[in-house]
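S.K.: Numbering (full-length UniProt numbering), first residue to last: 1 to 396. In this text, a Cβ means the ideal position worked out from N, Cα and C, and glycines have one as well. In this text, all values refer to a predicted model and were calculated from it rather than measured experimentally. Below: one structure in structure tokens.
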Amino acid sequence: MKKKTVFVGISGGVDSAVSAALLKEQGYVVIGVFIRTWHPDFLECNEEEERLDAMRVAAHLDIPFLTFDLSDVYKKEVADYMISEYKAGKTPNPDVMCNKEVKFGAFLKKAISMGADYVATGHYAQNFFMKNSGKKASLMFFSQSGRGSGPRGTEDLIKNIEGTFLFKGVDTSKDQSYFLWTLKQNQLNRILFPIGHLKKTEVRKFAKKFNLPVAEKKDSQGICFLGAVDLKDFLKHYIKEKKGKVLNQDGEEIGYHDGVVFHTLGERHGFVITKKGSKDGAYYVIDKDLKKNILYVSQDKNFQRSALKSSKRADLKNLEIFYFKIKDINWISEIPKEDKDYTAQIRYHGEFLDCKIKYEKSDITQIIFKKPVLVASGQSCVIYDKDICLGGGVVL
Numbered sequence: 001m002k003k004k005t006v007f008v009g010i011s012g013g014v015d016s017a018v019s020a021a022l023l024k025e026q027g028y029v030v031i032g033v034f035i036r037t038w039h040p041d042f043l044e045c046n047e048e049e050e051r052l053d054a055m056r057v058a059a060h061l062d063i064p065f066l067t068f069d070l071s072d073v074y075k076k077e078v079a080d081y082m083i084s085e086y087k088a089g090k091t092p093n094p095d096v097m098c099n100k101e102v103k104f105g106a107f108l109k110k111a112i113s114m115g116a117d118y119v120a121t122g123h124y125a126q127n128f129f130m131k132n133s134g135k136k137a138s139l140m141f142f143s144q145s146g147r148g149s150g151p152r153g154t155e156d157l158i159k160n161i162e163g164t165f166l167f168k169g170v171d172t173s174k175d176q177s178y179f180l181w182t183l184k185q186n187q188l189n190r191i192l193f194p195i196g197h198l199k200k201t202e203v204r205k206f207a208k209k210f211n212l213p214v215a216e217k218k219d220s221q222g223i224c225f226l227g228a229v230d231l232k233d234f235l236k237h238y239i240k241e242k243k244g245k246v247l248n249q250d251g252e253e254i255g256y257h258d259g260v261v262f263h264t265l266g267e268r269h270g271f272v273i274t275k276k277g278s279k280d281g282a283y284y285v286i287d288k289d290l291k292k293n294i295l296y297v298s299q300d301k302n303f304q305r306s307a308l309k310s311s312k313r314a315d316l317k318n319l320e321i322f323y324f325k326i327k328d329i330n331w332i333s334e335i336p337k338e339d340k341d342y343t344a345q346i347r348y349h350g351e352f353l354d355c356k357i358k359y360e361k362s363d364i365t366q367i368i369f370k371k372p373v374l375v376a377s378g379q380s381c382v383i384y385d386k387d388i389c390l391g392g393g394v395v396l
């Protein structure tokens with residue numbers, strides 16, 4: 001039988017290096033690929049250093065090494081999108097767009113055109129193929145070698161449904177399924193997540209076992225591919241600063257900011273408080289008025305709608321609410337039912353909140369919660385059925 005070919009995205013980090021090593025050990029024909037992306041002139045770029053690390057990994061594993069220049073795609077679909085959304089006062093997620101348009105868009109398409117059976121990345125996520133044959137349903141391990149059983153109890157959870165399912169990574173502190181909600185069946189069937197069943201500590205052990213040159217390298221942080229960038233500093237090169245007022249929940253002016261577009265709901269940094277309240281503690285952004293360039297803050301991060309009665313601003317509407325609507329919806333493996341309980345995650349590493357789904361016209365769906373939530377327009381809302389990532393949408 002002909003061996004399957006996998007193009008592995010090797011970033012220069014530990015996770016992708018171990019992914020490549022595991023796949024080679026399992027008998028795949030592995031091709032290492034470094035993805036070159038766009039970087040602004042004003043930003044210190046360590047891309048070539050990362051590429052050299054990726055080359056060292058490929059050389060150590062004795063696998064072919066390629067470089068895909070996807071800078072145009074990244075600039076248009078990730079960077080430009082992020083900037084335009086912030087200009088509109090929204091809070092986009094660039095990592096979601098990077099996975100959609102770059103890693104599992106342009107990279108996947110190019111790899112397949114060059115003969116790849118699969119692409120693989122170092123994401124902490126899992127995918128399983130559910131096959132129904134007569135009365136018996138079987139859940140096949142898809143993320144590492146295509147064989148084996150899936151998570152316990154999931155056979156009953158998704159019986160009578162056939163297709164590939166996206167699951168959370170085993171390491172809950174590293175799980176990246178939140179960033180993958182835009183994946184479709186034809187993509188998920190071509191993707192391998194070799195380390196999704198491992199904890200980070202185990203990945204580090206494998207890196208040492210394989211004697212990888214990046215075994216001791218620290219994890220990268222920050223925006224997808226751009227790295228540890230101060231987001232506000234990045235945006236200020238494209239969006240003009242505009243000083244405005246900071247008001248408390250009673251409508252009293254207590255400080256100033258450099259532009260509401262640079263702030264998102266729930267954050268507590270980046271604005272200046274000149275008039276302290278009666279108690280010590282941080283102030284949280286609870287609303288923003290884009291037209292008037294006003295930022296509203298409160299020391300109560302659990303500010304409730306009932307408190308609005310004492311507010312001088314009657315149209316505060318983006319505070320903690322029990323429901324919101326999403327658009328640009330994608331369901332990966334099955335369409336959620338309106339009469340079933342699910343959980344939603346509205347920010348990476350955020351709490352999994354109990355919710356229900358209510359469908360409205362066309363591409364709009366309402367997400368209903370049991371307790372108030374603070375959410376910003378543009379954020380990704382991802383829906384889960386236990387450990388299965390069903391998909392999600394963008395908050396209106």
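Do Y124 and V6 count as a contact pair if the criterion is CB distance below 8 Å?
M.R.: Here the question's residue 6 lines up with position 6 in the sequence shown. Here the question's residue 124 lines up with position 124 in the sequence shown. No, the Cβ-Cβ distance between V6 and Y124 is not below 8 Å.
S.K.: If we ignore side chains and look at the alpha-carbon of each, how far apart do K217 and A17 end up?
M.R.: Here residue 217 refers to the residue found at position 217 of the sequence shown. Here residue 17 refers to the residue found at position 17 of the sequence shown. Cα-Cα distance, rounded: 11 Å.
S.K.: DSSP on D233, reduced to helix/strand/coil?
M.R.: The sequence position of residue 233 within the sequence shown is 233, counting from 1. Residue state, collapsed to three classes: helix.
S.K.: What whole-angstrom Cβ distance do S377 and L396 have, given they're in contact under 8 Å?
M.R.: Residue mapping note: residue 377 aligns to position 377 of the sequence shown, counting from 1. Residue mapping note: residue 396 aligns to position 396 of the sequence shown, counting from 1. Confirmed, about 6 Å.
S.K.: Could you check where the alpha helix (DSSP H) with L212 kicks off and where it finishes?
M.R.: Translated into the one-based positions of the sequence shown, residue 212 becomes position 212. First-last for L212: undefined, no H or E at that position.
S.K.: Which residues in the same chain have their Cβ closer than 7 Å to the Cβ of F68, if we skip the five residues on either side of it in sequence?
M.R.: Numbered from its first residue, the sequence shown carries residue 68 at position 68. Closer than 7 Å at the Cβ level, and outside the excluded window around F68, lie V33, I35, R36, F107 and K110.
S.K.: Quick one, which of N293, M130, K276 and P94 has its alpha-carbon nearest K245's?
M.R.: As a working mapping, residue 245 is identified with position 245 in the sequence shown. Selected option, being the one with the closest Cα: N293.
S.K.: Residues in its own chain within less than 7 Å of I10 by CB, not counting five upstream and five downstream?
M.R.: By 1-based counting over the sequence shown, the position of residue 10 is 10. The residues are S16, A17, A20, G32, V33, F34, A54, V57 and A58.
S.K.: Measuring only the C-alpha atoms, how far is S298 from Y256?
M.R.: Within the sequence shown, numbered from 1, the residue matching residue 298 stands at position 298. Within the sequence shown, numbered from 1, the residue matching residue 256 stands at position 256. Approximately 14 Å between the Cα atoms of the pair.
S.K.: Per the contact definition of three or more C-beta pairs closer than 8 Å, is the region 85-92 in contact with the region 37-49?
M.R.: Verdict: no, contact absent.
S.K.: Does DSSP put N46 in a helix, in a strand, or in coil?
M.R.: For this step, residue 46 is matched to residue 46 along the sequence shown. Of the three classes helix, strand and coil, the one that applies to N46 here is coil, per DSSP.
S.K.: Which residue or residues does DSSP assign as beta-bridge partners of residue 455?
M.R.: As displayed, the chain neither begins before 1 nor continues past 396, which places residue 455 out of reach and without an answer.
S.K.: Excluding five sequence neighbours on each side, which residues of the same chain lie with their C-beta closer than 8 Å to the C-beta of V272?
M.R.: Taking the first residue of the sequence shown as position 1, residue 272 is located at position 272. V246, G255, Y256 and H257, listed in sequence order.
S.K.: Alpha carbon to alpha carbon, how far is I63 from T121?
M.R.: The residue given as residue 63 occupies position 63 in the sequence shown. The residue given as residue 121 occupies position 121 in the sequence shown. Going by the C-alpha atoms only, they are around 16 Å apart.
S.K.: Return the first residue and the last residue of the beta strand (DSSP E) that L390 is part of.
M.R.: For the purposes of this step, residue 390 is taken as the residue at position 390 of the sequence shown. I388 to V395 is the span of the beta strand (DSSP E), which, as asked, contains L390.
S.K.: Would DSSP call F262 helix, strand or coil?
M.R.: Against the sequence shown, residue 262 aligns to sequence position 262. It is helical.
S.K.: Across which residues does DSSP place T5 in a beta bridge pair?
M.R.: Start at 1 with the first residue of the sequence shown, and residue 5 comes out as number 5. Looking at the DSSP assignment, T5 forms a beta bridge with V29.
S.K.: Could you tell me if L192 is buried or exposed, where buried requires 16 or more neighbouring beta carbons within 10 angstroms of its beta carbon?
M.R.: The residue given as residue 192 occupies position 192 in the sequence shown. The residue in question, L192, is buried, as its Cβ has 16 or more Cβ neighbours within 10 Å.
S.K.: When burial is assigned at 16 or more other CB atoms within 10 Å of the CB, is S278 buried or exposed?
M.R.: As a working note, residue 278 is residue 278 in the sequence shown. The residue is exposed, with fewer than 16 neighbouring Cβ atoms inside 10 Å.
S.K.: Could you check the C-alpha separation between L290 and Y238 for me, to the nearest Å?
M.R.: As a first step, residue 290 is located in the sequence shown; it is residue number 290 there, counting from the start. As a first step, residue 238 is located in the sequence shown; it is residue number 238 there, counting from the start. Those two C-alpha atoms are separated by around 17 Å.
S.K.: Report yes if the CB atom of I383 is closer than 8 Å to the CB atom of L390, and no otherwise.
M.R.: The sequence position of residue 383 within the sequence shown is 383, counting from 1. The sequence position of residue 390 within the sequence shown is 390, counting from 1. Contact flag set, yes.
S.K.: From the DSSP output, in three-state form, read off F167 for me.
M.R.: As a position in the sequence shown, residue 167 is number 167, starting the count at 1. Correct three-state label for F167: strand.
S.K.: According to the Cβ coordinates, are F369 and Y296 closer than 8 Å?
M.R.: Locating residue 369 in the sequence shown gives position 369, counting from the first residue. Locating residue 296 in the sequence shown gives position 296, counting from the first residue. No, the Cβ-Cβ distance between F369 and Y296 is not below 8 Å.
S.K.: So that I know if they touch, is there some Cβ in chain B lying closer than 8 Å to that of M97?
M.R.: Absent here is chain B; the protein component of the structure consists of one chain.
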